[in-house]
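Numbering (my numbering), first residue to last: 712 to 1151.
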């Protein structure tokens, strides 16, 4: 294992209480979703005894029956985890047996756009009720800087035990990229920040069993900020190219070719590409946590606010382009049949979280277009509680629809053939460059 360390703070010789040894498992994971389940799988694969806690009884029952609900974890993976002793629980009594507890619960936005930490608070209270001396508690849920020390630590210390003295407390941001087969959990460096040097040392030692490289942050706040910095960087740069795409069209410039050329520079440039909007579990959400924290200090994070505004208007821009394309063919959007191809937020996965396909469909319906969809990974799809019809044979379907809108370029799609067969094709992914195809 490779370890990169920040300059330590405080007493490096500080010791923690010894963990009780009765009937222990090495790891309990709270939240068996796209972050927690891959962590549990990786830990089990290196021989650690692992249990999982999820409040959804359907998730626990499916996992205990050998079935995965996460793209990156197969049913075969779950069966191998079970063979190594893995069990999923809905009762938090399993936490008392664990040497290490990792919290991987969702952190969505609240109705007012601020952070919703209710799942983190609930999970932390469950841990506090079972906390023992010598345990390591790690928060992996994305949040704003200060959460570990200001929210999680006080809740745990209501048990009467003290972080850094009786138990270890750390933050380690998740870096899961669904569908990425190149950079999996083990191969992706793991950032860890502890409340004290001894807390950090315990967390580094734990993650060193699971990943190849552990990067030690100065503290929990730095680790929390690292995650937000990563995704805010992407959020802002996606907004840049999205706005550039709009402006390039007015300037009669092929934005895709400009990006292709710029990307040949071997230093100082990273290519980002336009799209119908920003989707997924991180980019549309995480920068808002940082913006929230900055606003609490009396400032505005103008880059984030502007990026959010630009990315949020892309579905409207796409629908306007659809309308213009139909108009050139002598058709109104009202009453036209529009087929949406790909409704997940990224290619070749089933994950639909924050997919821009939803606001695009909503806007098309608002303009009285008749919509249907096809996605090789999604069998049923609804928008605002109303089901969207699914076509079965996509090649046949594109011949009959007035316009086909490519929102996600799944590898299963034969794009050249679809371009040949479709009446009108609008490609928002920059994959089909030929006469007769409109490209974002």
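Where a beta carbon is used, it is the ideal one built from N, C-alpha and C, also for glycine.
Here the structure is a predicted model, which is why all the values come from computation and not from measurement.
Cα-Cα separation between residue i and residue j, rounded to whole angstroms
i            : j            : result
residue 1066 : residue 1137 : 18 Å
residue 922  : residue 958  : 43 Å
residue 715  : residue 936  : 17 Å
residue 998  : residue 747  : 22 Å
residue 1141 : residue 1112 : 21 Å
residue 758  : residue 1073 : 48 Å
residue 732  : residue 753  : Because the pLDDT at residue 732 is just 45, under 50, the model does not fix this residue reliably, and the value given afterwards should be weighed accordingly. Whole-angstrom Cα-Cα distance: 23 Å.
residue 1077 : residue 823  : 24 Å
residue 989  : residue 1075 : 18 Å
residue 1147 : residue 1117 : 14 Å
residue 767  : residue 1135 : 44 Å
residue 781  : residue 898  : 19 Å
residue 967  : residue 993  : 25 Å
residue 841  : residue 771  : 20 Å
residue 1144 : residue 1071 : 22 Å
residue 942  : residue 854  : 12 Å
residue 932  : residue 1139 : 38 Å
residue 789  : residue 798  : 10 Å
residue 659  : residue 1120 : There is no way to answer for residue 659, as the model of the chain reaches only from 712 to 1151.
residue 825  : residue 1132 : 46 Å
residue 1038 : residue 981  : 36 Å
residue 940  : residue 1107 : 45 Å
residue 1088 : residue 1123 : 10 Å
residue 755  : residue 796  : 8 Å
residue 812  : residue 742  : 11 Å
residue 848  : residue 760  : 16 Å
residue 877  : residue 894  : 36 Å
residue 963  : residue 985  : 16 Å
residue 1085 : residue 1115 : 10 Å
residue 858  : residue 882  : 9 Å
residue 1061 : residue 1053 : 10 Å
Backbone secondary structure at residue i - three-state DSSP
i            : result
residue 879  : strand
residue 662  : This structure cannot settle anything about residue 662, because the visible part of the chain is limited to 712 through 1151.
residue 847  : strand
residue 656  : The shown model of the chain, from 712 to 1151, leaves out residue 656, and the question about it has no answer.
residue 946  : helix
residue 927  : strand
residue 1137 : strand
residue 1030 : helix
residue 739  : strand
residue 1005 : helix
residue 715  : strand
residue 1145 : coil
residue 918  : helix
residue 1042 : coil
residue 938  : helix
residue 859  : helix
residue 1060 : coil
residue 756  : helix
residue 1123 : coil
residue 952  : helix
residue 782  : coil
Residue i: first and last residue of the uninterrupted alpha helix (DSSP H) it sits in
i            : result
residue 1107 : 1105–1111
residue 655  : Absent from the model: residue 655. The displayed extent of the chain is 712 to 1151, so no value can be given.
residue 746  : Looking at the DSSP string, residue 746 is not in any alpha helix (DSSP H), and its letter there is neither H nor E.
residue 1020 : 1013–1023
Residue range of the beta strand (DSSP E) that includes residue i
i            : result
residue 1149 : 1148–1150
residue 764  : 761–764
residue 774  : Here residue 774 belongs to no beta strand (DSSP E); instead the alpha helix (DSSP H) covers 768–775.
residue 1052 : 1048–1052
Residue i at chain D interface by Cβ criterion, 8 Å
i           : result
residue 768 : The chain labelled as chain D is not found in the depicted structure, where only one protein chain is given.
Minimum length 3: unbroken beta strand (DSSP E) runs contained in the region 794–849: 798–800, 809–814
Sequence ranges, alpha helix (DSSP H) only - wholly within the region 964–1001, length at least 4: 966–973
Complete alpha helix (DSSP H) runs within the region 1062–1106 (minimum length 4 residues, chain order): 1068–1077
Complete runs of the beta strand (DSSP E) confined to the region 863–914 [at least 3 residues]: 879–882, 901–905
Cβ contact check for the region 966–975 and the region 890–905: 3 or more pairs under 8 Å: no
Meets three-Cβ-pair contact criterion under 8 Å: the region 948–955 and the region 907–925: no
The region 862–875 in contact with the region 1023–1035 per 3-pair CB rule at 8 Å: no
Cβ contact check for the region 999–1013 and the region 1038–1050: 3 or more pairs under 8 Å: no
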